[in-house]
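A.B. asks: Here it is, the structure in full.
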Amino acid sequence: MTDAPDLELIGVTKRFGTFTAVREVSLVVERGQFLCLLGPSGCGKTTTLRMIAGLETADAGEIRIAGVRVNETPPWQRDIAMMFQDFALFPHMTIARQVGFGLEMLRRPADDIRRRVADALVAFEITALADRKPDTLSGGQKQRAALARALIVEPRVLLLDEPIGSLDYNLREAVMLELRDVQRRLGISFIWVTHDQNEAFSLGDRVVVMNHASIEQVGAPEDIAERPRTRFVAAFVQGTNVFDGIVAGVEGDHVRVRTPTGDFLVSAAHVGPPAARAPVSFSVRAALLSAQPGREHVNQVAAVCRAVEYLGAIRRYDFRLGDGHSLKLEEFTGRGRRLAEGEAVTLGWRIEDGVLHAPGEAPA
Amino acid sequence: MIPWRTRQRLVRAALGTITVLFLAYQWLPMLTMALLSFTDPEGGTTFPMRGVSLHWYRELLRVQMVDDFKPPMARSLALAGACSITTAALALAAAQAMRGRLRGSGAYFYLILLGAMAPGLLVGFGVALLARVFGFGLAWYTSTFAVHIVWTLPFGFLTMLAVFNRFDRRLEEAALTLRATRWTAFWRITFPLVLPGVIGAALFGFTLSYDEFARSLFATGPEQTLPLVIYAQFDRQLQPTLYAIGTLTTAVSLGAVALFATLLRLVRRRTLTSDQPSKKESQP
Amino acid sequence: MSTLRERSPAGYALAAPAGLWMLGALVVPTIFIAWVSLWAARGFTLASPLTLANYAKFFTRPAYVRVLGDTVQQALVMMLITGVIGYSIAYFLVVHVRHPGLQLAVFLLLVVPFWTSALIRTIGWIPFLGVNGVINQVLLLTGIVDRPVEAFLFSRTGITLSQVSFYTLLATGPVVYTLRNIPPSLPEAAQCLRATPLRVFWRIVFPLTLPGVMIGQILVFLNVMADFATAQAIGGHKHAFLGNLVILLYESGQLAFAAVVAVLLMIAMLLGVAVLLKVVDIRRLGES
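Residue numbers (the numbering used here), protein chains in the order written: chain A, 276 to 639; chain B, 135 to 418; chain C, 249 to 536.
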């Protein structure tokens with residue numbers, strides 16, 4: 276049993292009346308992984324998390340924690356703990372009492388609880404807050420108290436529902452790194468739900484991108500950013516340009532895609548040949564576009580510079596194409612001349628820089 | 135060990151049963167009274183009903199020396215109307231004053247609230263004593279009116295406070311930066327938006343006054359209000375006319391509530407929605 | 249900044265009418281009652297000397313002291329009954345009724361009677377409780393008793409039965425309010441911390457609703473203490489609470505003594521509220 280994955284979801288479905296919130300979601304989380312569920316509101320990520328916790332029951336499929344099926348097990352018997360966006364600290368209890376709450380429920384002996392609470396308070400640097408009530412704590416302190424409370428019961432999996440969403444912007448970075456450290460040290464799996472791509476990509480070993488109740492793609496952050504599987508993922512990930520068109524022909528390994536601003540060649544290697552004249556989309560990373568295209572940049576298009584953003588080491592341009600389509604380009608500040616607003620250029624990229632998407636969701 | 139889901143369902147069923155039984159418990163007397171008021175002329179004040187008729191309602195309409203219900207009803211309605219307007223006005227003023235963070239607002243708040251906590255009996259009694267000693271007469275349009283407001287005002291006040299609490303004072307600030315005077319800003323911006331609260335306060339003023347009897351018991355002069363006349367019947371032989379007037383006056387109370395509720399909805403709709411037909415936004 | 253300048257005279261002017269009204273029609277009469285209760289003279293003059301003898305007289309009459317005891321006892325009984333039923337209804341309404349339309353409907357059904365006359369609702373109970381009343385007829389029909397129970401009308405039981413239907417709403421309302429204010433994440437967090445539903449209720453939900461419970465108890469207490477109509481309508485002349493006593497004494501012309509009973513009623517009510525508020529404080533301290 277100890278070798279079993281921390282969490283397995285097998286074809287899990289959840290419906291609310293006629294609305295399907297989660298559709299046939301399958302996932303395996305090996306031991307000690309940091310997994311992020313990423314997606315826009317309403318995509319089903321929170322519902323999935325709640326089903327893992329047992330706060331919602333799955334209508335179909337199986338959920339296994341540490342190899343054991345838990346569909347019928349209530350939350351208080353599952354080997355999990357949960358962190359909520361509003362921290363859910365009990366307002367009528369002192370921090371010491373709260374943190375020890377889980378152990379009280381497990382009926383541990385009183386001195387055992389006292390000792391472990393003291394240890395936890397020290398570990399999370401909130402010993403001074405032991406006798407205070409939650410309403411006097413700052414956001415960061417509440418966060419640590421909630422964490423201490425959750426981890427003291429030694430769960431197999433920690434579930435986190437947008438845990439840093441309500442913190443001040445400056446605090447988030449620090450807290451993210453702290454939580455990352457805790458996860459590494461404890462070696463338990465974290466399932467972190469967020470709509471913020473930056474959070475997910477900096478924290479997760481693996482990221483699950485969800486949309487409309489289904490999983491769009493699972494993978495390491497680099498894989499998702501550089502090889503988005505579907506149009507949705509490409510559009511969701513920042514720093515990626517999406518092109519929509521129809522298949523004009525297949526030329527060996529490459530697909531010719533006809534768009535309103537021209538024909539482009541895209542490698543079809545890992546998606547497979549699409550049907551002729553079918554609607555298709557592909558994406559190109561902003562960092563792979565060039566404003567001084569050379570011979571290797573087979574795909575080229577005329578564009579006008581609309582805006583320039585200076586981001587320290589990186590320059591980001593916003594270009595407008597003939598049909599109004601917007602393209603983003605990122606390059607290192609040192610490289611090349613800085614373009615002016617209104618300047619017309621030709622942008623280019625290599626065939627292998629484009630990623631063809633699996634057929635599916637039509638453009639919005 | 136019963137599985138937890140079944141236990142949850144059992145608890146739900148048990149609590150639900152208590153709720154339903156209680157609702158029946160609360161409504162049955164009124165419904166029974168309404169039903170019995172339609173008993174035929176031979177019918178007594180309890181079951182079985184021997185027939186259905188409007189006899190007892192007709193009895194109400196007849197002018198009788200002793201048990202005339204019409205003038206008291208008229209007085210009660212007039213009094214309720216006056217209380218309605220007065221409560222709304224005073225509550226609005228008092229709640230607006232509270233926003234000014236005056237010295238002693240805390241004590242003021244409790245002073246107003248005291249009216250709801252002081253038992254009607256004692257308030258009326260005190261007023262009656264004062265009248266006796268200082269020799270001024272008690273009448274339904276003076277002393278009774280005064281003690282009715284003492285009772286209705288706290289409810290109207292709380293309603294207005296709640297509405298003002300939810301009111302965004304930045305709307306007023308915006309108006310002031312657009313060259314409106316405080317007076318104008320209040321009447322053009324604040325008042326239309328808190329109007330539902332004002333109507334609520336007026337509703338409290340009307341129904342609470344119309345149904346009031348404990349305070350009125352002592353504080354009313356020879357010309358009685360309707361609840362007092364009904365109260366006086368307790369000592370007499372119980373007749374279905376009592377049920378008839380009871381049902382009738384309940385109908386008036388509920389009718390008033392319905393009226394105010396409709397008014398509320400109309401006001402809301404007119405103030406907040408545009409004149410165009412409602413459009414359905416399609417979600418992206 | 250708003251339509252009212254802070255601490256402006258306009259503010260005081262707006263506050264004045266309501267304030268003066270309450271002072272004149274509530275505070276002054278109440279103080280006057282207290283003053284009258286201390287009058288020694290038999291007659292009704294302002295020049296009367298003051299004495300506490302009237303109070304002493306009250307406590308030397310066992311019948312009157314019994315009325316005081318009965319009133320307090322009735323209040324306590326009602327607090328218990330309405331507390332339990334009220335909490336059950338509130339919990340069911342907020343936690344178990346999911347559909348918002350249904351919640352509203354049940355809520356309206358509970359609250360609408362409040363908009364009708366308490367007097368009428370009291371009258372409505374009479375055909376229920378009598379020897380030929382509905383309750384007895386149901387009991388006879390179902391065979392639970394073979395003779396009509398006389399103990400309903402003109403009895404404490406009858407008074408209690410009818411008061412339950414009037415005052416439970418007072419216990420339900422504040423609990424509904426406090427229950428609604430508990431963020432749903434709190435019981436969920438407790439569940440994820442190994443707490444079974446029962447423990448979630450006792451350790452998390454119930455303590456957080458205590459203020460609502462207390463307010464409800466206070467409201468019920470105040471209302472039952474001052475209630476006289478139910479005793480008179482249902483209890484006939486066999487039962488009297490402090491309120492009835494005041495009326496009785498007033499009608500027989502013993503104004504000073506009536507004032508004494510009124511003052512005692514007020515003191516009992518204030519003491520009760522003070523005690524109840526203390527209980528909540530102690531609870532707050534206890535939950536460390």
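Using N, Cα and C, we set each Cβ at its ideal position, and we do this for glycine too. These numbers come from a predicted model, not from an experiment.
1. Tell me where the alpha helix (DSSP H) around residue 249 of chain B begins and ends.
2. Residues of chain C with CB under 8 Å from residue 394 of chain A, in chain order?
3. Count the other CB atoms, across all protein chains shown, that sit within 10 Å of the CB of residue 206 of chain B; report buried if there are 16 or more and exposed otherwise.
4. Is the CB of residue 336 of chain C under 8 Å away from at least one CB in chain B?
5. Using alpha carbons as the reference points, say which of C:327, C:490 and C:278 lies closest to residue 281 of chain B.
6. Please list the segments of the beta strand (DSSP E) lying wholly inside the region 457-510 of chain A, counting only runs of 3 or more residues, in order along the chain.
7. Hey, residue 402 of chain B and residue 258 of chain B are a contact pair by Cβ (cut 8 Å); roughly how many whole angstroms apart?
8. Going by beta-carbon coordinates alone, are residue 423 of chain A and residue 396 of chain A separated by less than 8 Å?
9. Counting pairs of beta carbons, one from the region 337-356 of chain B and one from the region 261-273 of chain B, are three or more of them closer than 8 Å?
10. Evaluate residue 485 of chain C with the Cβ neighbour count: other Cβ atoms within 10 Å of its Cβ, from every protein chain shown; 16 or more gives buried, anything less gives exposed.
11. If I'm right that residue 386 of chain B touches residue 203 of chain B with Cβ under 8 Å, what's the distance once you round it to whole angstroms?
12. Is any beta-carbon of chain B found at less than 8 Å from that of residue 421 of chain C?
13. Give the interface partners of residue 483 of chain C over in chain B, defined as CB-CB distance under 8 Å, in chain order.
14. In chain D, which residues lie less than 8 Å from residue 462 of chain C when you measure between Cβ atoms?
15. Under the rule that 16 or more other beta-carbon atoms within 10 Å means buried, what is residue 516 of chain A, buried or exposed?
16. Touch check for the region 465-474 of chain C and the region 365-381 of chain A: three-plus C-beta pairs under 8 Å?
17. To the nearest angstrom, how far is it from the Cα of residue 199 of chain B to the Cα of residue 396 of chain B?
18. Give the interface partners of residue 376 of chain A over in chain C, defined as CB-CB distance under 7 Å, in chain order.
19. Between residue 326 of chain A and chain C, is any beta-carbon pair separated by less than 8 Å?
20. When Cβ atoms are compared, which residues of the region 261-288 of chain C fall closer than 7 Å to chain B?
21. Is any beta-carbon of chain C found at less than 8 Å from that of residue 351 of chain A?
22. Taking contact to mean 3 or more Cβ pairs, one atom from each stretch, closer than 8 Å, check whether the region 241-249 of chain B and the region 286-297 of chain B are in contact.
23. Closer than 8 Å, Cβ to Cβ, to anything on chain B: give me those residues from the region 347-375 of chain C, in chain order.
24. Suppose contacts are defined by Cβ-Cβ distances below 8 Å. Is residue 616 of chain A in contact with residue 583 of chain A by that definition?
25. Mind checking who residue 606 of chain A pairs with in its DSSP beta bridge?
26. Any chance the region 506-521 of chain A sits against the region 328-339 of chain A, with 3 or more Cβ pairs inside 8 Å?
27. Could you tell me the boundaries of the beta strand (DSSP E) in which residue 311 of chain A lies?
28. For residue 593 of chain A, I'd like the list of residues in its chain whose CB is within less than 7 Å of its CB, leaving aside the five on either flank, ordered along the chain.
29. Which residues does DSSP pair with residue 358 of chain A in a beta bridge?
30. If we ignore side chains and look at the alpha-carbon of each, how far apart do residue 298 of chain A and residue 322 of chain A end up?
31. Measuring CB atoms only, is the region 358-366 of chain C touching the region 147-164 of chain B, in the sense that at least three cross pairs come out at less than 8 Å?
32. Write down every uninterrupted run of the alpha helix (DSSP H) in the region 337-372 of chain B whose length is 4 residues or greater and which is fully enclosed by it, in chain order.
33. Our contact map puts residue 328 of chain B next to residue 284 of chain B with C-beta atoms below 8 Å; I'd like the distance itself, whole angstroms only.
34. In whole angstroms, what separates the C-alpha of residue 566 of chain A from that of residue 620 of chain A?
35. By Cβ distance below 6 Å, which residues in the same chain neighbour residue 516 of chain C in space, the five residues on each side in sequence not counted?
36. For chain B, check one thing: does any of its Cβ atoms lie closer than 8 Å to the Cβ of residue 445 of chain C?
C.D. replies: Working from what's here:
1. In the second sequence, the residue the question calls residue 249 of chain B occupies position 115. Segment 239-251, the alpha helix (DSSP H) holding residue 249 of chain B.
2. Counting from 1 along the first sequence, the entry for residue 394 of chain A is found at position 119. None at all; the shortest Cβ gap to chain C is about 17 Å.
3. Sequence index remark: in the second sequence, residue 206 of chain B carries index 72 (1-based). Classification of residue 206 of chain B: buried, given that the 10 Å Cβ count is 16 or more.
4. Taking the first residue of the third sequence as 1, we reach residue 336 of chain C at position 88. Output row for residue 336 of chain C: interface = yes.
5. Along the second sequence, one-based indexing puts residue 281 of chain B at 147. The shortest C-alpha to C-alpha distance from residue 281 of chain B to any of C:327, C:490 and C:278 is the one to C:278.
6. 464-469, 481-486 and 489-494
7. By one-based count along the second sequence, residue 402 of chain B stands at place 268. By one-based count along the second sequence, residue 258 of chain B stands at place 124. With 8 Å as the limit, residue 402 of chain B and residue 258 of chain B do not qualify as a contact, their Cβ atoms being about 37 Å apart.
8. Along the first sequence, one-based indexing puts residue 423 of chain A at 148. Along the first sequence, one-based indexing puts residue 396 of chain A at 121. Result yes, Cβ atoms of residue 423 of chain A and residue 396 of chain A sit closer than 8 Å.
9. yes
10. For the purposes of this step, residue 485 of chain C is identified with residue 237 of the third sequence, where counting begins at 1. The residue in question, residue 485 of chain C, is exposed, as its Cβ has fewer than 16 Cβ neighbours within 10 Å.
11. The count along the second sequence starts at 1 and reaches residue 386 of chain B at position 252. The count along the second sequence starts at 1 and reaches residue 203 of chain B at position 69. The pair is not a contact, with the Cβ atoms about 12 Å apart (cut-off 8 Å).
12. Locating residue 421 of chain C in the third sequence gives position 173, where the first residue counts as 1. For residue 421 of chain C, the answer is no, since every Cβ of chain B falls outside 8 Å of its Cβ.
13. The sequence position of residue 483 of chain C within the third sequence is 235, counting from 1. Near residue 483 of chain C there are no residues of chain B at all, since even the closest Cβ is about 11 Å away, more than 8 Å.
14. Annotation note: the requested chain D is absent from the structure, which comprises protein chains A, B and C.
15. On the first sequence, residue 516 of chain A is found 241 positions in, with the first residue counted as 1. Flag for residue 516 of chain A reads buried.
16. no
17. Counting from one through the second sequence, the residue named residue 199 of chain B turns up at place 65. Counting from one through the second sequence, the residue named residue 396 of chain B turns up at place 262. At residue 199 of chain B the pLDDT is 48, less than 50, meaning the model places this residue with poor confidence; the figure from the coordinates comes in the next sentence. Roughly 39 Å between the two C-alpha positions.
18. Translated into the one-based positions of the first sequence, residue 376 of chain A becomes position 101. Going along chain C in sequence order, the residues near residue 376 of chain A (Cβ under 7 Å) are 441.
19. Counting from one through the first sequence, the residue named residue 326 of chain A turns up at place 51. So, not an interface residue.
20. 262, 263, 265, 266, 267, 269, 270, 273, 274, 277, 278, 280, 281 and 284
21. Here residue 351 of chain A is taken as the residue at index 76 of the first sequence, counted from 1. Residue 351 of chain A counts as touching chain C.
22. yes
23. Cβ contacts with chain B come from 354, 357, 358, 360, 361, 363, 364, 365, 366, 367, 368, 369, 371, 372, 373, 374 and 375.
24. Residue numbering aside, residue 616 of chain A sits at position 341 when the first sequence is read from its first letter. Residue numbering aside, residue 583 of chain A sits at position 308 when the first sequence is read from its first letter. Their beta carbons are under 8 Å apart, which means residue 616 of chain A touches residue 583 of chain A by this criterion.
25. Residue mapping note: residue 606 of chain A aligns to position 331 of the first sequence, counting from 1. Per DSSP, A:590.
26. no
27. Along the first sequence, one-based indexing puts residue 311 of chain A at 36. Here the beta strand (DSSP E) through residue 311 of chain A covers 309-313.
28. Position 318 of the first sequence, counted from the start, is the residue given in the question as residue 593 of chain A. Cβ within range, chain order: 581, 582, 601 and 603.
29. Your numbering for residue 358 of chain A matches position 83 in the first sequence. Beta-bridge pairing links residue 358 of chain A to A:435.
30. Numbered from 1 along the first sequence, position 23 holds the residue referred to as residue 298 of chain A. Numbered from 1 along the first sequence, position 47 holds the residue referred to as residue 322 of chain A. Looking at the two C-alpha atoms, the distance is approximately 11 Å.
31. yes
32. 348-353 and 360-367
33. Within the second sequence, the letter at position 194 stands for residue 328 of chain B. Within the second sequence, the letter at position 150 stands for residue 284 of chain B. That pair is no contact at about 23 Å.
34. What you label residue 566 of chain A is simply residue 291 of the first sequence in a count that begins at 1. What you label residue 620 of chain A is simply residue 345 of the first sequence in a count that begins at 1. Residue 566 of chain A and residue 620 of chain A: Cα-Cα distance of roughly 7 Å.
35. Here residue 516 of chain C refers to the residue found at position 268 of the third sequence. Taken in chain order, the list of residues that qualify is empty.
36. Counted from its first residue, the third sequence places residue 445 of chain C at position 197. Closer than 8 Å to some Cβ of chain B, the Cβ of residue 445 of chain C qualifies, so yes.
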